[in-house]
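Residue numbers (our numbering): 268 to 588.
Here is the structure:
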């Protein structure tokens, strides 16, 4: 077992920080570390907070931390910021809104850059959650990059997903068209004191009249909040708890965890296959000749030539034609 595992289980905050750095940087020790942490997963309530940039996600997370600490629950926060496509750096400014919790030993906040991933999370986000759970966090809040049409990775990670919308920001019909409305377990209409808030609520209610869009027999509630003033935070947490109770009693909690395990395993397999193919292309002279022969071989004939060396993939390759 990796030496950091026992330290994390004892509540060593330095070990938590070191473990997350190993995960984020894809360190060679990562696999041994995660295998040691895996038996302690599945304990926390993983809550995804997603929505458009400027919707007030960080302020909601800050208020939710305070509420949860008042209930005696330990909290982990993983906040993902967009990375610059030019420098690769990230501002990691979400911590600024959460400084009042910086000396609270019951709260651990980690920011990370998206590093070019397009799903709203960052590579290693799911693996970092193993660290939070082994550390003993009761609730882990996962704040995503501002979502768009394809940024739905949080759906495959979180137990409960809160979609934060704001009036007057184009979140109504435009959001419904983008396809992210279907991932919400709880709708949070933030900045409810702004004009157009009630109209936005009615739009969501109209959409929810179509019960075929419900996931797992759950009708998402609509919570009205004003994060800047701390209003609606207790109601939001009550909605999260109600959703968790529904998942637990209906059997969908276990089903989600099984699906998550399957998806994560397949992603690891895909990564290994991809690395194998890329390494082979760099080192195998025959493969290099095939890949560089654009005048004599179209991509499909080139594929057939490569599959000669991979007979166990031949049928799959022909099915993809």
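Backbone N, C-alpha and C fix where the C-beta goes; we use that ideal spot for every residue, glycine too.
Contacts around residue i, its chain only, beta-carbon distance under 6 Å, and the 5 residues preceding and following it disregarded
| i | result |
| --- | --- |
| residue 402 | 275 and 283 |
| residue 422 | 450 |
| residue 375 | 343 |
As assigned by DSSP and simplified to three states, the class of residue i
| i | result |
| --- | --- |
| residue 274 | helix |
| residue 287 | helix |
| residue 465 | helix |
| residue 340 | coil |
| residue 556 | helix |
| residue 410 | strand |
| residue 476 | coil |
| residue 426 | coil |
| residue 280 | helix |
| residue 454 | strand |
| residue 509 | helix |
| residue 329 | helix |
| residue 403 | coil |
| residue 317 | strand |
| residue 308 | coil |
| residue 268 | coil |
| residue 227 | The shown model of the chain, from 268 to 588, leaves out residue 227, and the question about it has no answer. |
| residue 447 | coil |
| residue 378 | strand |
| residue 421 | helix |
| residue 493 | strand |
| residue 470 | helix |
| residue 354 | Low confidence applies to residue 354: its pLDDT is 39, below 50, so where it sits in the model is not reliable enough to give any reading. |
| residue 360 | Its pLDDT being 47, under 50, residue 360 is placed unreliably by the model, and the measurement read from it follows with that caveat. Three-state result, residue 360: helix. |
| residue 531 | helix |
| residue 564 | coil |
Residue closest to residue i, alpha-carbon to alpha-carbon, out of the options
| i | options | result |
| --- | --- | --- |
| residue 495 | 305, 326 and 429 | 326 |
| residue 483 | 517, 334, 509 and 506 | 517 |
| residue 435 | 321, 575 and 310 | 321 |
| residue 460 | 493, 472, 502 and 471 | 493 |
| residue 433 | 420, 470 and 509 | 470 |
| residue 221 | 566, 513, 405 and 462 | The structure shown does not extend to residue 221, since the chain is modelled only from 268 to 588, so the question has no answer here. |
| residue 499 | 328, 566 and 543 | 328 |
| residue 525 | 289, 309 and 463 | 309 |
| residue 505 | 271, 334 and 561 | 334 |
Beta-carbon proximity list for residue i, same chain, < 8 Å, skipping 5 on both sides
| i | result |
| --- | --- |
| residue 305 | 397 |
| residue 358 | Low per-residue confidence applies at residue 358: pLDDT is 43, beneath 50, and the placement is therefore not dependable enough to give any value. |
| residue 511 | 312, 426, 427 and 520 |
| residue 354 | Unreliable positioning characterises residue 354 in this predicted model, as indicated by a pLDDT of 39, which lies under 50. The coordinate reading is nonetheless provided below. Here the set comprises nothing. |
| residue 531 | 393 |
8 Å Cβ cutoff met for residue i and residue j
| i | j | result |
| --- | --- | --- |
| residue 601 | residue 317 | Since the first and last residues shown for the chain are 268 and 588, residue 601 lies out of range. |
| residue 344 | residue 410 | yes |
| residue 269 | residue 291 | no |
| residue 332 | residue 368 | yes |
| residue 468 | residue 408 | no |
| residue 336 | residue 279 | no |
| residue 514 | residue 523 | yes |
Chain-order list of residues whose beta-carbon lies under 7 Å from that of residue i (same chain, five-residue window excluded)
| i | result |
| --- | --- |
| residue 324 | 316, 318, 410 and 431 |
| residue 545 | none |
| residue 547 | 554 |
| residue 497 | 330 |
| residue 458 | 323, 433, 434 and 493 |
| residue 287 | 377, 395 and 398 |
Residue i beta carbon near the ligand HEM (any heavy atom closer than 7 Å)
| i | result |
| --- | --- |
| residue 404 | In the structure on display, the ligand HEM does not appear, and there are no ligands present to speak of. |
The stretch 446-456 / the stretch 480-499 touching (three or more Cβ pairs under 8 Å): yes
Contact between the stretch 392-411 and the stretch 300-315 (3+ Cβ pairs under 8 Å): Output reads yes: the stretch 300-315 touches the stretch 392-411.
Cβ contact (3+ pairs, closer than 8 Å) linking the stretch 569-580 and the stretch 550-559: yes
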